[in-house]
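Asks: Okay, here's the structure, questions in a sec.
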Amino acid sequence: VAAPPKDAPPDGKNAAAWNAKNLAAVDLSNVDVRYLPVGRRSDNVGIIAFNVRRYIANKAAYEVYVEIQNFGTEPAHRQLRLYNGASNVDSRRIDLAPGQRIHRVYEKLPASEDNKLRVSLQPVEGAGGSDPFSLDDEAYALLPARKKQKVAMITEDNLFLEGALLVYDNVDPVKFKPAEYDANPSIVDGMDVVIFDEHTPAVLPMPPASLLFFHPTGEHSPFTIRGETPNPRITEVDEGHPVMRWVTMSDVYMDKSNVFTIDPKRGESSLAYWVRDSIIAAKRDGKRKILAFGFSLPSTGRDGATDLPMRVAFPMLLVNTLDWFAGDTTDLLTTYATGSRQRVPLDGVVGATEAEVKGPDGLVTKTPVIDGLATFYGSRVGYYDLTAKDTLGKPMATIELAANLSSTIESDIAPSSELTLGGKALQAPEAFAISRSRKLWIYLVLLAMALIVVEWVTYHRRITV
1 VAAPPKDAPP
11 DGKNAAAWNA
21 KNLAAVDLSN
31 VDVRYLPVGR
41 RSDNVGIIAF
51 NVRRYIANKA
61 AYEVYVEIQN
71 FGTEPAHRQL
81 RLYNGASNVD
91 SRRIDLAPGQ
101 RIHRVYEKLP
111 ASEDNKLRVS
121 LQPVEGAGGS
131 DPFSLDDEAY
141 ALLPARKKQK
151 VAMITEDNLF
161 LEGALLVYDN
171 VDPVKFKPAE
181 YDANPSIVDG
191 MDVVIFDEHT
201 PAVLPMPPAS
211 LLFFHPTGEH
221 SPFTIRGETP
231 NPRITEVDEG
241 HPVMRWVTMS
251 DVYMDKSNVF
261 TIDPKRGESS
271 LAYWVRDSII
281 AAKRDGKRKI
291 LAFGFSLPST
301 GRDGATDLPM
311 RVAFPMLLVN
321 TLDWFAGDTT
331 DLLTTYATGS
341 RQRVPLDGVV
351 GATEAEVKGP
361 DGLVTKTPVI
371 DGLATFYGSR
381 VGYYDLTAKD
391 TLGKPMATIE
401 LAANLSSTIE
411 SDIAPSSELT
421 LGGKALQAPE
431 AFAISRSRKL
441 WIYLVLLAMA
451 LIVVEWVTYH
461 RRITV
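Going by my numbering, the letters in the sequence shown line up with residues 1 to 465, in that order.
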């Protein structure tokens, strides 16, 4: 199926306006253009939207959304099936009136080891049970693999932090005193996440354990500390970063906060600013991720604190952070449209210049990586593997993508009855029939031949001798 132009409307809603604007600009001066519709059938039922998301409160379950439309002029019937890997999760018959669009939501589905989901429209016997267009009969989506995270807290009894983690079902928390950790750093071996609350150790846990710091200090801070600012207020946040999703911190109060110096060349980025001072920072350090808050959480005996734990933003920040550490950076993974170029963010991958894309047909293509964004073009529906590589061609990270047709323009297979080009409606070609030629040279040749015949006759009759 041919892809629409890059600036074409994403669905049929504005197709007429797009055509009027772009086709009217075509210059047809001295060009005879005719339009002949090809085909007659319009009976097509297609999947126009399909996605899956986890529940925020329960990452072990998910829900699926699928939208289907009947583009034909007659009633249609199909068998709608949902698959998780090779397992058939659900199967039901759907009946659609002409032009009807329906959606189905599958709620509270248990997650499995396979993160690939597929929805399929199967034909049924009888009238309206099938159609000639199959590319929109299947759609694909991905669910990030999920496991319970082991989280170690290095803290002196902080009920705010401990309580926030206990209400999160997808973590298995354990607590150690700072003195215990300093005496034996290996006690956190095997942990997925280590949280340092008001403690900056000289020896960090071994990768791939990700690290979360509250008020790091001294030379062992994961980010260079430029100084300290009193009574800061957060004036700007990086809303595009997974940690800051759905979080508002403009009204959060802090007694004081350390200010970080950010080095983008090392993969560091600032997530929150007080004017120009970075007070929340993040980075990818090899196989793990590190996040640091420049301020302290409230606890007994501390001379500085914040009211952040009193706000809804605090548990949301922890949930977002743990999701980011686990690689589950979003509860809703984007499915990409085929036939158009997309920019895919490569979270925290620094130094990648090229990526390889392996399509559902096994074909491998190369694509550039610029400013952490890889260009993705899917020509087929299905699953893709995108592998980012460094300057030496060594793989740095691999992500999975799903691509679907998801185009109401292409799923509407009914031929247009008319086409307006250059500001005028094109006429149909003339019917095939014997017609008089309009070319003058033919008549001149015939006249010359007639004169020759007359000359020949009069000569031999001795009329013109």
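Quick reminder that beta carbons are idealized off the backbone N, C-alpha and C, glycines included. Quantities reported herein were computed from a predicted structural model and do not represent experimental measurements.
1. Mapping the DSSP letters down to three states, classify Thr375 as helix, strand or coil.
2. What alpha helix (DSSP H) runs, 4 residues minimum, are completely inside the segment 121-190?
3. Should Gln427 go down as buried or exposed, given a rule of 16 or more other Cβ atoms within 10 Å for buried?
4. Would Asp255 and Asp303 be called neighbours here (beta carbons separated by less than 9 Å)?
5. Look at the alpha carbon of Asp172 and the alpha carbon of Lys287, and state the distance between them as a whole number of angstroms.
6. Nearest CA to the CA of Thr353: which residue from Thr334, Thr321, Val344 and Asp390?
7. Return helix, strand or coil for Ala448, following the three-state DSSP convention.
8. Which residue or residues does DSSP assign as beta-bridge partners of Gln79?
9. From what residue to what residue does the beta strand (DSSP E) around Leu211 run?
10. Comparing the C-beta of Phe50 with each C-beta of chain D, is any distance below 9 Å?
11. Give every residue of the same chain whose Cβ lies closer than 8 Å to the Cβ of Ala313, excluding the five residues on either side of it in the sequence, and list them in chain order.
12. Can you list, in chain order, the residues of its chain with a C-beta nearer than 6 Å to that of Pro178? Leave out the 5 residues immediately preceding and following it.
13. Can you tell which of Val445, Asn404, Leu308 and Arg311 has the C-alpha that lies nearest to the C-alpha of Gly339?
14. Could you pull out every unbroken alpha helix (DSSP H) segment of at least 4 residues lying fully inside the segment 275-337, listed in chain order?
15. If you reduce the DSSP assignment to three classes, tell me which class Thr200 lands in.
16. Please list, in chain order, all residues of the same chain as Pro230 whose beta carbon is under 8 Å from its beta carbon, the five residues on each side excluded.
17. Considering just the uninterrupted stretch of the beta strand (DSSP E) at Glu74, what are its terminal residues?
18. Quick check: the Cα distance between Met206 and Val194, rounded to an integer number of angstroms?
19. Around the Cβ of Glu219, are there at least 16 other Cβ atoms within 10 angstroms (buried) or fewer (exposed)?
20. How long is the line joining the alpha carbons of Phe376 and Ser299, rounded to whole angstroms?
21. Consider the C-beta atom of Gly85 and the heavy atoms of the ligand PLP; say whether any pair is separated by less than 8 Å.
22. Would you check if the segment 369-388 and the segment 311-327 touch, i.e. whether three or more CB-CB distances between them fall below 8 Å?
23. Expressed to the nearest angstrom, what Euclidean distance is found between the alpha-carbon atoms of Gly362 and Asp114?
24. Alpha carbon to alpha carbon, how far is Leu80 from Ile48?
25. Return the chain-ordered list of same chain residues with a C-beta closer than 7 Å to the C-beta of Asn84, the five sequence neighbours on each side being excluded.
26. Do you know offhand how far Ala388's Cα is from Pro37's?
27. Return the first residue and the last residue of the alpha helix (DSSP H) that Ser411 is part of.
28. Between the C-alpha atoms of Gln149 and Leu165, what's the straight-line distance to the nearest angstrom?
29. Among Ile187, Val45 and Ala141, whose alpha-carbon lies nearest the alpha-carbon of Val124?
30. Assign Tyr443 to one of three DSSP states: helix, strand, or coil.
Replies: Well, looking at it:
1. In the sequence shown, counting from the first residue as 1, residue 375 sits at position 375. Reduced to three states, the DSSP call for Thr375 is strand.
2. Complete alpha helix (DSSP H) runs here, min 4: 159-166 and 178-183.
3. Numbered from 1 along the sequence shown, position 427 holds the residue referred to as residue 427. Its Cβ having fewer than 16 others within 10 Å, Gln427 is exposed.
4. For the purposes of this step, residue 255 is identified with residue 255 of the sequence shown, where counting begins at 1. For the purposes of this step, residue 303 is identified with residue 303 of the sequence shown, where counting begins at 1. Taking C-beta atoms as the reference points, Asp255 and Asp303 count as a pair closer than 9 Å.
5. Position 172 of the sequence shown, counting from 1, holds the residue named residue 172. Position 287 of the sequence shown, counting from 1, holds the residue named residue 287. Going by the C-alpha atoms only, they are around 21 Å apart.
6. If you number the sequence shown from 1, residue 353 lands on position 353. Here the closest residue by C-alpha is Asp390.
7. Locating residue 448 in the sequence shown gives position 448, counting from the first residue. Ala448 falls in the helix class under three-state DSSP.
8. As a working mapping, residue 79 is identified with position 79 in the sequence shown. Looking at the DSSP output, Gln79 bridges to Arg93 and Gln122.
9. To locate residue 211, count along the sequence shown from 1; it is residue 211. From DSSP, the beta strand (DSSP E) with Leu211 extends over Ser210 to Phe214.
10. The structure shown contains no chain D, having only a single protein chain.
11. The residue you call residue 313 lines up with position 313 of the sequence shown. The answer, listed in chain order, is Val247, Thr248, Met249 and Val252.
12. Residue 178 sits at position 178 when you count from the first residue of the sequence shown. Excluding the 5 residues flanking it on each side, Pro178 has same chain C-beta neighbours closer than 6 Å at Ile154 and His199, in chain order.
13. The residue you call residue 339 lines up with position 339 of the sequence shown. Nearest of Val445, Asn404, Leu308 and Arg311 to Gly339, Cα basis: Asn404.
14. List check, alpha helix (DSSP H) in window: 313-326.
15. Start at 1 with the first residue of the sequence shown, and residue 200 comes out as number 200. In this structure, Thr200 counts as coil in the three-state DSSP scheme.
16. As a first step, residue 230 is located in the sequence shown; it is residue number 230 there, counting from the start. Excluding sequence neighbours, Pro230 sits near Asp255 and Lys256.
17. Counting from 1 along the sequence shown, the entry for residue 74 is found at position 74. Run containing Glu74: none; DSSP gives neither H nor E here.
18. Position 206 of the sequence shown, counting from 1, holds the residue named residue 206. Position 194 of the sequence shown, counting from 1, holds the residue named residue 194. So the two alpha carbons sit approximately 10 Å from each other.
19. In the sequence shown, the residue the question calls residue 219 occupies position 219. That one is exposed.
20. Looking up residue 376 in the sequence shown gives position 376. Looking up residue 299 in the sequence shown gives position 299. One C-alpha to the other measures close to 48 Å.
21. Looking for the ligand PLP in the displayed structure turns up nothing, as the structure carries no ligands at all.
22. Flag = no, the segment 311-327 and the segment 369-388 do not touch.
23. Here residue 362 is taken as the residue at index 362 of the sequence shown, counted from 1. Here residue 114 is taken as the residue at index 114 of the sequence shown, counted from 1. Their Cα atoms are separated by approximately 20 Å.
24. The sequence position of residue 80 within the sequence shown is 80, counting from 1. The sequence position of residue 48 within the sequence shown is 48, counting from 1. If I take the Cα positions, the gap works out to 14 Å.
25. By one-based count along the sequence shown, residue 84 stands at place 84. Closer than 7 Å at Cβ, skipping near neighbours: Ser112, Asp114 and Leu117.
26. For the purposes of this step, residue 388 is taken as residue 388 along the sequence shown, with counting starting at 1. For the purposes of this step, residue 37 is taken as residue 37 along the sequence shown, with counting starting at 1. Taking the straight line joining both Cα atoms gives about 45 Å.
27. If you number the sequence shown from 1, residue 411 lands on position 411. Counting along the chain, the alpha helix (DSSP H) containing Ser411 begins and ends at Thr408 to Ser411.
28. Within the sequence shown, numbered from 1, the residue matching residue 149 stands at position 149. Within the sequence shown, numbered from 1, the residue matching residue 165 stands at position 165. Approximately 11 Å, taken between the alpha carbons.
29. Against the sequence shown, residue 124 aligns to sequence position 124. When each option's Cα is compared against that of Val124, the closest is Val45.
30. Here the question's residue 443 lines up with position 443 in the sequence shown. Helix.
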